[in-house]
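*Asks:* Residue numbers for the first sequence follow the working numbering, so the first one is 3 and each next one is one higher.
Idealized CB from N, CA, C, for every residue including glycine.
Computed from a prediction, not measured in an experiment: that's the story for all the values here.
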Amino acid sequence: MARAYDVQAVEEKWQARWREEETYQVDNDDPRPPFYALCMYPYPSGPAHQGHVRNYTFGDLVVRYQTMQGKAVLSPLGFDSFGLPAENAAIRTGTHPRVFTDARITELKESLIRLGAVYDWRREVRSHDPSYMHWTQLIFLRLFKAGLAYRANAPVNWCPGCQTVLANEQVLPDGRCERSGDVVVTRYLEQWFFKITAYADELLTALDDLEWPERVKLMQRNWIGRSEGAEMDLEVVGRPDVTLTVFTTRPDTTFGMTYAVMAPEHPLVDALTTDEHRAAVVDLRARVAMESELERTVVAETAPALEKRGAFTGSWVVNPFNGEQVPLYVADYVLMGYGSGAIMAVPAEDQRDWAFAKLHGLPIVRTVEPPEGWDEQGGEAYAGDGVKVNSGFLDGLDVAGAKEAAIRFLEREQRGRRKVNYRLRDWLVSRQRYWGCPIPIVYCPVHGAVPVPEDELPVLAPDDVDFLPTGQSPLALDEDFKRTTCPIGGEPAVRETDTMDTFVDSSWYFLRFCDPFDSDGPFSPAAAARWMPVDQYIGGIEHAILHLMYARFFTRAVIDVGLAPPDLPREPFRRLFTQGMIRMDGSKMSKSKGNLVAPERYFRSVGADALRLFHLFVGPPTDDFDWTDQTDEVIDGCGRFLDRLWRLAESAAPAAVRSGPLGEADLEVRRATHRTIQQVTADIERWSYNTAVAHCMEQVNLLQRYVRDDPHADVLEEAVDALLHLLAPMVPHVTAELWERRHAGRLHARPWPKFDASLVSEETVTMVVQVNGKVRDRLQVPVGIGEDDARAAALASSRVVEVLDGEAPSRVVVRAPRLVNVVTAIGSA
RNA sequence: GCGGACGUGGCGGAACGGGUAGACGCGCCGGGUUUAGGUCCCGGUCCCUUCGGGGGUGGAGGUUCGAGUCCUCUCGUCCGCACCA
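#1: Taking DSSP as the reference, what is the three-state secondary structure of A495?
#2: Can you name, in chain order, every residue of its own chain whose Cβ lies under 7 Å from the Cβ of Y45, other than the five neighbours on each side?
#3: To the nearest angstrom, how far is the alpha carbon of I561 from that of P568?
#4: Looking at P78 and T580, is the spacing between their C-beta atoms short of 9 Å?
#5: If you check the beta carbons only, do A796 and V825 fall under 9 Å apart?
#6: Could you name the residues of the same chain whose beta carbon sits closer than 6 Å to that of D7, not counting the 5 residues immediately before and after it, in chain order?
#7: What number of angstroms, rounded off, separates the C-alpha of A302 from the C-alpha of Q327?
#8: Rounded to a whole number of angstroms, what is the C-alpha to C-alpha distance between E13 and A91?
#9: Just curious, the beta strand (DSSP E) that T95 is in, first and last residue?
#10: Assign S2 to one of three DSSP states: helix, strand, or coil.
#11: What residue range is occupied by the uninterrupted alpha helix (DSSP H) comprising I115?
#12: Please report the straight-line C-alpha distance between Q706 and D712, rounded to a whole angstrom.
#13: Tell me whether W20 is buried or exposed, calling it buried when 16 or more other Cβ atoms sit within 10 Å of its Cβ.
#14: Could you tell me which of Y340, M338, E230, A385 sits nearest to W835, measuring between CA atoms?
#15: Counting Cβ pairs closer than 8 Å, one from the segment 103-118 and one from the segment 46-55, do we hit at least three?
#16: Going straight from the alpha carbon of Q71 to that of W629, what length do you get?
#17: Identify which residue in A529, L513, A531, D32 has its Cα closest to the Cα of F556.
#18: For a test of the three-state rule: what should DSSP assign to Y38, helix, strand or coil?
#19: Taking the alpha-carbon positions, what's the S830 to E809 distance?
#20: In chain order, what residues of the same chain have a beta carbon less than 6 Å from the beta carbon of R677, not counting five sequence neighbours either side?
#21: Got a sec, what are the start and stop residues for the alpha helix (DSSP H) Y121 sits in?
#22: Could you give the distance in angstroms between the alpha-carbon of V695 and the alpha-carbon of F146?
#23: Who are the near neighbours of R801 in its chain, counting only those whose CB is closer than 7 Å to its CB and skipping five residues on each side?
#24: Using only CA atoms, which one of N30, A265, R100 lies nearest to S47?
#25: Which whole-angstrom value describes the C-beta separation of K219 and L205, a residue pair presumed to lie in contact below a C-beta threshold of 8 Å?
#26: Using only CA atoms, which one of K197, F323, A798 lies nearest to R417?
#27: Going by beta-carbon coordinates alone, are V271 and T315 separated by less than 9 Å?
#28: Take W225 and list the residues in its own chain whose beta-carbon comes closer than 6 Å to its own, dropping the five residues that flank it on each side.
#29: If you draw a straight line from the alpha carbon of E804 to that of V620, how long is it in whole angstroms?
#30: Give the range of the beta strand (DSSP E) segment to which A265 is assigned.
#31: Label Q782 either buried or exposed according to how many other C-beta atoms from any shown protein chain fall within 10 Å of its C-beta, with 16 as the threshold for buried.
#32: Give the range of the beta strand (DSSP E) segment to which G541 is assigned.
#33: Using CA atoms only, rank isn't needed, just tell me which of E213, R144, L150 is closest to K197.
#34: With distances taken Cα to Cα, identify the nearest neighbour of W194 among T188, P157, D352.
#35: Tell me the rounded alpha-carbon separation between Y436 and R128.
#36: Which same chain residues, not among the five before or five after E22, have their C-beta less than 6 Å away from its C-beta?
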């Protein structure tokens, strides 16, 4: 494609300038008002792909726009550099993960610089850098000391073939190991957790005030999964020594409890199973243990299988509301991880209980009157509202009222209490991997789990380990690393060989950016206070739940353990923007799918500006985009637009144009210029980049016509200069170059243009005249036209007179100056 | 199954608080300049039409002077969660 200018030369020139002039380095004592703009730091997987291009184009636009708005914009970037792909590459090729990762970082960084995205590279952090790991480990220890990190036995996906733990992503949909094909089983290991559940309620309620997409807030709400109900302590017949605690969201239905169920993993199963039923229960538990979580949920959809999935324990429990004795079962449809791991079963008002009761021949008692015809239409469990029946003192109440009355009864009788339950579980951070941040703990036979002293941090994994395709972490096999002494008593001890989930690294990097030069702590409180919270966070929707939840938790935790000042905002990201995914043939564009379209070829052809403009223009930033055969043509079109812009700006040679007084045509162009400033500014503020670009295109089209006519020098100058400002954050190279050719100085250091209010308001507008809602005429009227004049003008319209054909209007709706609707009796009938 | 989002020309999309549906771009059609061009410039492009106009935003209803926009039902696509008591 022949271009109007040497794209590559211009882009390389300006990228060098921005680097040499340190344009986007911002010090913590910068006097301008602060603005913290942050794109989620990337996992370095090699050169940028289109998803990166889209993300960092948006981010760069924000940085440059806010800078032109007069802010001190903090624009840091780093790399989420720990993770499994590097470790797998090490096993495959023998290259150390660090060497592999650093090479990928270099590639990605080069792509981003070539895109023209600007950062304060002094602040770059990498998760695997010892100076970052140091503080990740310190935070871990402080959480441990505050009781927010703890050790517990937890189920993991265990591959018997590989003799190792698998991440959920490594388990295939059929429940087999992706490497060996063995059936994955559940196993229990001692692992580290962060107590995120302690913050469940705060993480939920604080969502309300965030300027985040509703979709993301909703996903977080569902993930936290708050439900209100009651906990009840059930007596076990003949066993005064134990009570079985159950959780229910429907305490109003307790009169309908016809049996109770424990999860197979429930600690009371052994104690409450009678000898007569032990064999069946043991059998059930063994089968459940062999099953993966997946199998357990998938097969459950076929109802007959339920029969095999429950077993009577031989014990009976007592209904606290009516004293009746009901049988106690073990069944795998009850999960140990939710509520208390045991339920009261009310088949009439819960569909799963209904199915189970039918199969086991258990009684069903309705406690809510279902709607008329429910049974006749084959309705089973009825979970809706209605009048309480068969429920003693609750009869006649509605469900909500009965719930309250039931809870009051339980609390008065001391048989239970109001209880809020969350779906959210504590965060399991242990990973049986090498390429992650080691957990700084030593196990001593005398003192147990002992923190590594803070002055001995960071704990670094040894480099000279073998990466073998066994699935075992090389750390666990390294005796030199493992063997140590107890920090308290000096006894022989062993190190923790697990590393931390990489989500731990990404849960505080935005705090480190405030002051990455600090060697006394993870970040200085003063620096955090200056920049936090992040004013604009930008990233992919795929992080809507885990990363964003963990980061919100971590910010609170570091405040509460005293690492951050108590008055630091507890929400790290004030505004969040989630961009859409780039798709190809219906699936996400990604390296693993092999459907990447590398940006490099566009840098070499149309240039970074055209590619950036394409990503801004192609559709709403939040929407997914399908990369198709037509896409290259659209990108070429963006290049053609930049050519037109170039020719337009270069054609404005003062000698060739008119001076002197302005005519009406000149005024029209001035109005268009100021309206464009108004529209583009508003569009950028509301993240409507596609329409912002469209308005700039319209203005170029208009100015092209104006240049051909008889342009006025001042009017053309104003128009082109304004346009260059508006496009500066979007296509920084070409606009910077054109500005330099026209004026001295740096375009991107200039203030954002302001529009003249008197010029954006038009003097006349088109008034639409409708008859019965159909457009019949369009009149040019003064913008300040009164209601009466508008009505009169509309009724005087020859088109209206014609359509009315003598009929008198029954009503005239006037919305001056834009619209008049003449309504006739016939039309409104 | 539960929760949510979205359905507009050949295509991506615009229409911000109910008020001119289709901005801008791609593609396509026609013309011009160069003519080596896949360059550049100009015009046209929702459908039907007897050229008066009529119809049209997945489908069916409704509210309203007026609905792409609000309400009900329905069909379709996508996303999140999924035996959560």
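*Replies:* Walking through what the data contain:
#1: strand
#2: D82, G85
#3: 6 Å
#4: no
#5: no
#6: One point to set straight first is that residue 7 is Tyr, not Asp, in the sequence displayed. Same-chain partners within the cutoff: W648.
#7: Below a pLDDT of 50, predicted positions are generally treated as unreliable, and A302, at 42, falls in that range; no measurement from the model is reported.
#8: 34 Å
#9: No beta strand (DSSP E) contains T95, which is instead part of the alpha helix (DSSP H) from 86-95.
#10: Within the shown structure, residues of the chain are numbered from 3 to 831, placing residue 2 beyond reach of any answer.
#11: 99-117
#12: 11 Å
#13: buried
#14: With the chain represented from 3 up to 831, any question about residue 835 goes unanswered, as that position is not in the structure.
#15: yes
#16: 34 Å
#17: L513
#18: strand
#19: Residue confidence is low: S830 scores 44 on pLDDT, short of 50, so the model does not pin down where it sits. Its coordinate-derived value is still stated next. Spanning the two alpha carbons is a distance of roughly 13 Å.
#20: V762
#21: Y121 -> no alpha helix (DSSP H), and no H or E assigned at all.
#22: 51 Å
#23: R778, D779
#24: R100
#25: About 11 Å; that fails the 8 Å criterion.
#26: F323
#27: yes
#28: I547
#29: 45 Å
#30: Premise fails: A265 is in no beta strand (DSSP E) and is neither H nor E.
#31: exposed
#32: 538-542
#33: L150
#34: P157
#35: 17 Å
#36: none
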